[in-house]
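Student:
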Amino acid sequence: MNLTILDTTLREGEQTPGVCFDVHIKLAIADLLARVGVEVIEAGHPAVTEEIRRAVTLLAARGLGPRVGAHARSLKSDVDLALACGVGFLGVFYCVADERLEDHRQTLTRAVDRIARVIAYARERRPDLWIRYTPEDTVRSPFENVLTAAAAAVQAGADIISVADTTGFLIPGTGRDMYGFVSRLRDGLAARGAFPKIAVHCHNDRGLALANALDGLRAGAEIVDASILGLGERAGIVDLATLLAVLAHDFGEAGRWDLTVLPELYDLASRYARVPVPAHFPVTGRNAFTHCAGIHTQAATRNPLHYQSLPAELVGRKSEIALDHMSGLASVRYCLELLGIEAGEELARAVLRRVKEVGQTGRTVDLAELKYVVRALEASEGESRDEAAATSLGPEPEEKTGTC
28 MNLTILDTTL REGEQTPGVC FDVHIKLAIA DLLARVGVEV IEAGHPAVTE
78 EIRRAVTLLA ARGLGPRVGA HARSLKSDVD LALACGVGFL GVFYCVADER
128 LEDHRQTLTR AVDRIARVIA YARERRPDLW IRYTPEDTVR SPFENVLTAA
178 AAAVQAGADI ISVADTTGFL IPGTGRDMYG FVSRLRDGLA ARGAFPKIAV
228 HCHNDRGLAL ANALDGLRAG AEIVDASILG LGERAGIVDL ATLLAVLAHD
278 FGEAGRWDLT VLPELYDLAS RYARVPVPAH FPVTGRNAFT HCAGIHTQAA
328 TRNPLHYQSL PAELVGRKSE IALDHMSGLA SVRYCLELLG IEAGEELARA
378 VLRRVKEVGQ TGRTVDLAEL KYVVRALEAS EGESRDEAAA TSLGPEPEEK
428 TGTC
């Protein structure tokens, strides 16, 4: 599969309300993304703030493996700012939906001319630049408008046309699906002698961003946008870790990216975005590879893949057992063995009872706490033995009195 992953955490991700990374954190995130092996890092829209412009410039000069990209409106001033940052990728956007054109008092012909002139200008200034044109809100715009604008953009010098499901509107297997849209767009462009790479940018408003992105790939798209934690406008976009894990494990891309870097990357981005990784999040969530129910854990202790479809090691994780009110004796024994504790039947069952009691309060018992449980039970057993021994001796004899 001829595939490019574009990470847009530093651009789309910063459109998450309240998320703004300091420049030094952006550099650290980019370094980790380079270690993962993503091909493009979209670093920001330089026209938005001076701080973003500075960050894009520093990232572009960093000499990372991935191309560093910048976002731009269809304005020469935006293009000038982006190119001055030294980027190797430029994303130009302009919506050609009828309603938006009316809002801007613009005809389609004039809009297409504007898009083409800006792209030709960027191409003339930087022949080696990767240029992407995005008809914003692509999938809700009249198809002929999108096709006309996209064909003109390619003729002007665009390498990539991005299909943006800006509002998370598409649903696989229906009359409005990404597979159908990408297929139709590719065919329409080919009929006009245009053969750009197709990218997909999928929002998650209906929880279908990943499904739509995969649909796009099946239809021939070659570039997918994603972000750490799926950060982005409203419900965000495709989650990077989930996308990479599925591509590596299920789409023949094993070994292409270093997915063992993902835990470190997500810890860093989550901390400074102040957005916790949800415990049940696929791939990177705390519980993603944790087994709980007794039947599950009994099987998982022998082979985690009995109840996992992804190996935890693929993404730098380990399968784990959670001890709580759902636990069984097998999971307790397994965790005791991890601690090197030999427990007889009576002690193991006592530990299980205590674990269930704690679990009913809404907590799990980790390995550190399990040691304390065992110590407490052993101490309690010791006291019971002492009391039993004292009782078995009977009452002390009364002292005799008298004289010799």
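Under the numbering used here, think of the first position of the sequence shown as 28, with each following residue one higher.
Ideal Cβ placement from N, Cα and C applies to all residues, glycine included.
Please report the residue range of the beta strand (DSSP E) in which G263 lies.
Tutor: Segment: none, G263 is in no beta strand (DSSP E) and carries neither H nor E.
Student: Would the segment 374-389 count as touching the segment 340-354 if we require 3 or more Cβ pairs under 8 angstroms?
Tutor: yes
Student: Could you check which residue in I264, A179, Y399 has the C-alpha nearest to that of T36?
Tutor: I264
Student: Should T84 go down as buried or exposed, given a rule of 16 or more other Cβ atoms within 10 Å for buried?
Tutor: buried
Student: Can you tell me whether DSSP reads L117 as helix, strand or coil?
Tutor: strand
Student: F222: buried (16+ other C-beta within 10 angstroms of its C-beta) or exposed?
Tutor: exposed
Student: With a threshold of 16 other CB atoms inside 10 Å of the CB of L365, please say whether the residue is buried or exposed.
Tutor: That one is exposed.
Student: Between which two residues does the beta strand (DSSP E) carrying K224 extend?
Tutor: 224-229
Student: Can you grab the Cα-Cα spacing for the pair P424 / S407, in whole Å?
Tutor: The predicted model places P424 with a pLDDT of 47, which falls under 50 and marks its position as unreliable; any figure quoted below should be read in that light. Their backbone Cα atoms lie some 29 angstroms apart in a straight line.
Student: Could you tell me if F170 is buried or exposed, where buried requires 16 or more neighbouring beta carbons within 10 angstroms of its beta carbon?
Tutor: exposed
Student: Note down, one range per segment and in chain order, each beta strand (DSSP E) of at least 3 residues found wholly within the segment 164-243.
Tutor: Taking 3 residues as the shortest admissible run, the segment 164-243 contains the following complete beta strand (DSSP E) segments, listed from N- to C-terminal end: 187-192, 224-229.
Student: For D125, which residues does DSSP report across the bridge?
Tutor: For D125, which the question treats as bridged, DSSP gives no partner whatsoever.
Student: In the structure shown, what three-state DSSP assignment does R153 receive?
Tutor: coil
Student: Exposed or buried, what is K53 when buried is set at 16 or more other beta-carbons lying within 10 Å of its beta-carbon?
Tutor: buried
Student: Buried or exposed for G367, please, with buried defined as at least 16 other CB atoms from any protein chain shown within 10 angstroms of its CB.
Tutor: exposed
Student: Could you work out which residue in L270, R261, A262, A246 is closest to A253 when comparing CA atoms only?
Tutor: L270
Student: Around the C-beta of S336, are 16 or more other C-beta atoms found within 10 angstroms, so that it is buried, or is it exposed?
Tutor: exposed
Student: Where do the N-terminal and C-terminal ends of the beta strand (DSSP E) with L332 fall, by residue?
Tutor: That residue, L332, is in no beta strand (DSSP E); it is neither H nor E in DSSP.
Student: Please state whether DSSP places V106 in a helix, a strand or coil.
Tutor: Shown here, V106 sits in a helix according to DSSP, grouped into three states.
Student: Do you know offhand how far A226's Cα is from T43's?
Tutor: Between A226 and T43, the alpha-carbon positions lie close to 22 angstroms from each other.
Student: Per DSSP, which residues does R100 bridge with? Please list them.
Tutor: F120
Student: Helix, strand or coil for T311 per DSSP?
Tutor: coil
Student: Measure the alpha-carbon distance for Y121 versus V382 and round it to whole angstroms.
Tutor: 58 angstroms
Student: Reducing DSSP to helix, strand and coil, say where H51 ends up.
Tutor: In the three-state DSSP reduction, H51 falls in the helix class (H, G or I).
Student: Would you mind working out which of A315, L256, I188 sits nearest A296, comparing C-alpha positions?
Tutor: The option with the nearest alpha carbon to A296 is L256.
Student: Cα-Cα, which of A149, T134, I198 is closest to A176?
Tutor: T134
Student: Looking at the secondary structure, which residues open and close the alpha helix (DSSP H) in which E340 lies?
Tutor: It is not in any alpha helix (DSSP H) - E340 carries neither H nor E in the DSSP assignment.
Student: R390 to A180, Cα distance in whole Å?
Tutor: 57 angstroms
Student: Using a 10 Å radius around the Cβ and a threshold of 16 neighbouring Cβ atoms, would you call I32 buried or exposed?
Tutor: buried
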